[in-house]
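As numbered in the numbering used here, residues 705 to 835 make up the sequence shown, in order. First comes the structure, then the notes that go with it.
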Amino acid sequence: MGYQVEVTDSFAAAHQLRGYQGKCENLHGHNWKVSVTLFVKQVNKIGMAIDFAEVKRILSAILQEMDHTFLNQHPHFQKNNPTSENIARYIFDQFSSHLRDKKVKVAGVSVWESENCRAIYYSSQDVVRPF
């Protein structure tokens, strides 16, 4: 039992998938949508799991470094193919490292590369999975 808090934002960026046989091996771009789902067992004394303003600030800072860039040139994606799955994992790890309240856990990160296609990276801990 507990609470989930979710914040969604977006960024625009180009990428090309290395080693992929198909259209996505060519340079192309997306308007990426990103949703971060947090989990906390207890709310604080004023009834909040976490301040939405803090969640928005952290997510915005992470996405800002990728906005209007060629993701393949980002230091993380020079080693890791910039797939939706790897982008979700990167944002998950970055967000987790920026959380000040250790009682709040990142449950999952969803990354949509289009309206109908998304990848989700979620915690292996015993938390509610994002849907």
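Ideal placement from N, C-alpha and C gives every residue a C-beta, glycine not left out.
| field | Distance between Leu-775 and Gln-782 (C-alpha atoms, nearest Å) | value | Working through the sequence shown from its first residue, we reach residue 782 at position 78. Working through the sequence shown from its first residue, we reach residue 775 at position 71. Near 8 Å, if we compare the C-alpha coordinates of Leu-775 and Gln-782.
| request: Give a yes or no on whether the C-beta atoms belonging to Val-810 and Ser-800 are separated by under 8 Å. | output: The residue given as residue 810 occupies position 106 in the sequence shown. The residue given as residue 800 occupies position 96 in the sequence shown. In this structure, Ser-800 lies closer than 8 Å to Val-810 by Cβ.
| query | Per DSSP, what kind of secondary structure is Gln-725 in: helix, strand or coil? | reply | As a first step, residue 725 must be located in the sequence shown, where it is residue number 21. Gln-725 sits in coil when the DSSP states are folded into three classes, being neither helix nor strand.
| request: Spell out a yes or no on whether the stretch 708 to 717 and the stretch 751 to 766 are touching, meaning 3 or more CB-CB pairs, one atom from each, closer than 8 Å. | output: Yes, since at least three Cβ pairs between the stretch 708 to 717 and the stretch 751 to 766 fall closer than 8 Å, the two stretches touch.
| request: Can you tell me which of His-732, Asp-771, Asp-805, Ala-792 puts its alpha carbon nearest to the alpha carbon of Val-744? | output: For the purposes of this step, residue 744 is taken as the residue at position 40 of the sequence shown. Residue Asp-805 is the option with its Cα nearest to Val-744.
| request: Identify, in the order they occur along the chain, each residue of the same chain with its Cβ nearer than 6 Å to the Cβ of Gly-812, setting aside the five sequence neighbours on each side. | output: Taking the first residue of the sequence shown as position 1, residue 812 is located at position 108. For Gly-812, the CB contacts under 6 Å within the same chain, skipping 5 residues up- and downstream, are Thr-741, Ile-824, Tyr-826, Pro-834 in chain order.
| What distance in whole Å lies between the Cβ atoms of Arg-822 and Ser-788, which are believed to be in contact at a cut-off of 8 Å? | One-based indexing of the sequence shown puts residue 788 at position 84. One-based indexing of the sequence shown puts residue 822 at position 118. Contact between Ser-788 and Arg-822 holds: their C-beta atoms lie close to 7 Å from each other, under 8 Å.
| field | Opening and closing residue of the beta strand (DSSP E) in which Ile-824 lies | value | Within the sequence shown, residue 824 is the residue found at index 120, counting from 1. From DSSP, the beta strand (DSSP E) with Ile-824 extends over 821 to 826.
| message | Closest to Gln-746 by C-alpha separation, out of Glu-819, Glu-817, Lys-807, Ser-828, would be which residue? | response | Taking the sequence shown and counting its residues from 1, the one referred to as residue 746 is at position 42. Considering only alpha carbons, the answer is Lys-807.
| query | Taking the Cβ atom as the reference point for each residue, do Ser-714 and Val-738 lie within a distance shorter than 8 Å? | reply | For this step, residue 714 is matched to residue 10 along the sequence shown. For this step, residue 738 is matched to residue 34 along the sequence shown. A contact, by the Cβ cut-off of 8 Å.
| message | By alpha-carbon positions, which one of Ser-828, Trp-736, Arg-793, Leu-767 ends up nearest to Ser-818? | response | On the sequence shown, residue 818 is found 114 positions in, with the first residue counted as 1. Restricting attention to Ser-828, Trp-736, Arg-793, Leu-767, the CA atom closest to the CA of Ser-818 is found in Trp-736.
| 8 Å contact criterion, which Ile-791 and Ile-766 should meet: CB distance rounded | Within the sequence shown, the letter at position 87 stands for residue 791. Within the sequence shown, the letter at position 62 stands for residue 766. That belief does not hold up - the Cβ atoms of Ile-791 and Ile-766 are roughly 10 Å apart, past 8 Å.
| query | Taking C-alpha atoms, which residue in Leu-721, Thr-712, Ala-716, Tyr-724 lies nearest to His-734? | reply | As a working note, residue 734 is residue 30 in the sequence shown. Answer by Cα proximity: Ala-716.
| query | Is it right to say His-719 is buried, meaning 16 or more other beta carbons lie within 10 angstroms of its own, or is it exposed? | reply | As a working note, residue 719 is residue 15 in the sequence shown. With 16 or more other Cβ atoms within 10 Å, it is buried.
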